[in-house]
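Notes for the one structure printed next.
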Amino acid sequence: MPRSQLMTMFVFLIILPHIALVSSSSLRPGYYSERCPDAEIIVRDVMKRAFVREPRSVASVMRFQFHDCFVNGCDGSMLLDDTPTMLGEKLSLSNINSLRSYEVVDEIKEALEEKCPGVVSCADIIIMASRDAVALTGGPDWEVRLGRLDSLTASREDADNIMPSPRANATTLIDLFDRFNLSVKDLVALSGSHSIGEGRCFSIMFRLYNQSGTGKPDPAINPMFREELYNLCPLNVDQNVTGNLDATPTLFDNQYFKDLVAGRGFLNSDETLFTFPRTSKFVRLYSKDQDEFFRDFVEGMLKMGDLQSGRPGEIRRNCRVANSATVDHLVAEPQNRMESNHKSI
Ligand code: HEM
Ligand SMILES: *[C@@H]1O[C@H](CO)[C@@H](O)[C@H](O)[C@H]1NC(C)=O
Ligand SMILES: *[C@@H]1O[C@H](CO)[C@@H](O)[C@H](O)[C@H]1NC(C)=O
Ligand SMILES: *[C@@H]1O[C@H](CO)[C@@H](O)[C@H](O)[C@H]1NC(C)=O
Ligand SMILES: *[C@@H]1O[C@H](CO)[C@@H](O)[C@H](O)[C@H]1NC(C)=O
């Protein structure tokens, strides 16, 4: 048999099971029930403490699921710090000065490592913690599918290219979600995550002062709400100042959709869901029927949580650093080489 064929066989035998491991079909509820039976309780406990300490932090963690799963699948890539050889996602356009509460994930990981070291992935932590954020703020509770692996790397460029701008209109958002097989309904339901949390003046200056280059505010903003936003974000404001994404920012409810109907959406990407015909019917529906919103939201979170890259992965010891980054240091020391090779398999 030619050498190249042997090589192909080798690749199939060795690599294929690995890929199967990361395909979404292997994600399932109760994945940790044997090797870390308390995993979900531990995650929820830390999230509860975070909520008491700073209510907004659970919203900030919930946002991680979106920013993780859209960029090369739900693989914890957005948690990786930059290294001298890798520009990660933390400083990408949508994440810089915006994503926050990374320390809550660190705290969860530390608690899990203490109880069952090397078992629970950071990618799964994001999925469990996002669900908990919703449940702890009065939203639905649901069973999540687990068994993801953590990426070995991250890409600022991919995050820049994929994550949407707060200026985006509904058409752009529909197209983006469609690339991930997420429907118009999924888009609107998942945007309901803005029922909790805050956004910066930076994200709305254009719509307050120069929507689409007109030199005027977005006409879809309710005039009284516009005055409130002008007071929050005057032209010379520190653009890191934040406002609530809906009228009840620590309560996961359908207030967000009622606000959109009233022209009181914070972001352009929010209000556009009401002004565009293809999305407005869902906004109206959810503004009247919270149960329907909750059902569709859970469905959307499950679908988004199933996005996988199919790339090889690992269980990181520290969510901010790939394990191989530690191995790199050891390579200079031949004695440790065998041992570190073992660990990386
Ligand atoms: C549909 C497209 C979306 C766009 C354009 C968008 C954009 C934004 C922006 C601009 C902010 C405020 C950031 C800042 O000003 O620093 C924000 C906050 C937030 N986003 Fe989204 N988002 C979208 C979808 C989602 C999805 C699908 C989720 C989760 C399932 C999500 C969860 C959140 C949460 C919870 C916050 C508040 C975070 C905090 O208070 O720290 N977003 N989003
Ligand atoms: C939506 O935004 C895109 C990108 O900025 C733009 O090309 C398109 O014309 C906009 N669509 C509508 C209907 O305003
Ligand atoms: C979307 O669905 C198609 C057909 O089932 C599939 O081939 C494709 O990989 C899916 N895309 C994503 C991003 O999941
Ligand atoms: C508004 O935006 C347009 C186009 O982006 C730009 O040419 C103009 O200078 C802006 N006006 C102000 C007052 O910033
Ligand atoms: C927000 O604060 C960060 C530092 O915390 C600063 O680097 C950044 O320029 C500020 N952003 C804006 C829009 O003012």
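Heads up: the sequence shown is residues -24 to -1, 1 to 321, going by mature numbering (1 follows the signal peptide of the UniProt record, and there is no 0). Positions of the beta carbon are idealized from the N, C-alpha and C atoms, including for glycine. The model shown is predicted, which means the values in this text are computed figures rather than measured ones.
Give every residue of the same chain whose Cβ lies closer than 7 Å to the Cβ of P310, excluding the five residues on either side of it in the sequence, and list them in chain order. Reliability of the predicted coordinates at P310 is poor, the pLDDT of 40 falling under 50, and the value obtained from them is presented with this limitation in mind. So the list is empty, once near-sequence residues are dropped.
Can you find the residues in the same chain that come closer than 7 Å, C-beta to C-beta, to D235, ignoring five residues on each side of it along the sequence? D222, A223 and G241
Per DSSP, L122 forms a beta bridge with which residues? Under DSSP, the beta-bridge partners assigned to L122 are R4.
Keeping to the same chain, check which residues put their C-beta closer than 8 Å to that of S320; ignore five residues upstream and five downstream. Reliability of the predicted coordinates at S320 is poor, the pLDDT of 32 falling under 50, and no value is obtained from them.
Nearest-angstrom Cα separation, counted from L56 out to C98: Whole-angstrom Cα-Cα distance: 10 Å.
Flag F233 as yes when its Cβ comes closer than 8 Å to any non-hydrogen atom of ligand 3, and as no otherwise. no
Of the residues R39, A111 and V19, the one placed nearest D82, counting alpha carbons only: V19
Euclidean distance between Cα positions of G281 and N157: 12 Å
With the cut-off set at 9 Å, would you say L112 and D51 are in Cβ contact? no
Please report the distance separating the alpha-carbon of D276 from that of R107. Looking at the sequence provided, one finds Gly at residue 276 rather than Asp. Cα to Cα, the separation comes out at about 12 Å.
Let me know the secondary structure DSSP gives E174 once reduced to three states. Three-state DSSP puts E174 in a strand.
Would you identify the three-state DSSP class for M62, choosing helix, strand or coil? Note: M62 maps to strand in three-state DSSP.
Test item: CB-CB of M139 and N71 under 9 Å: yes
Compute the distance between the beta-carbons of E65 and H43, then report whether it is under 9 Å. Yes. Within cutoff.
Cα-Cα separation, V37 to P288: 25 Å
Can you tell me which of the three DSSP states N73 falls into? Coil.
Helix, strand or coil for T190 per DSSP? coil
Can you find a heavy atom of ligand 5 that lies under 8 Å from the Cβ of F182? no
So, for L208: in the same chain, excluding its five sequence neighbours on each side, which residues have a beta-carbon less than 6 Å away from its beta-carbon? The residues are G219.
Since P193 contacts L184 with CB under 8 Å, what's their CB separation in whole angstroms? 5 Å
On the DSSP bridge list, what partners appear for G219? G175
Can you tell which of V110, S167, N198 and G239 has the C-alpha that lies nearest to the C-alpha of M23? Out of V110, S167, N198 and G239, V110 has the C-alpha closest to the C-alpha of M23.
Rounded C-alpha distance that separates V47 from F258: 26 Å
What residues in its chain sit with their C-beta under 8 Å from that of H318, if we drop five residues either side in the sequence? Note on H318: pLDDT 33, under 50, position unreliable in the model; the coordinate value appears next. Around H318: no qualifying Cβ.
Selection from S74, R4 and R11 that minimises the alpha carbon distance to S141: S74
Sequence-distant residues of its chain with Cβ nearer than 6 Å to V297 (five each side left out): none
Can you tell me whether M277 sits near ligand 1, meaning its C-beta is under 8 Å from at least one heavy atom of the ligand? yes
Does DSSP put N294 in a helix, in a strand, or in coil? strand
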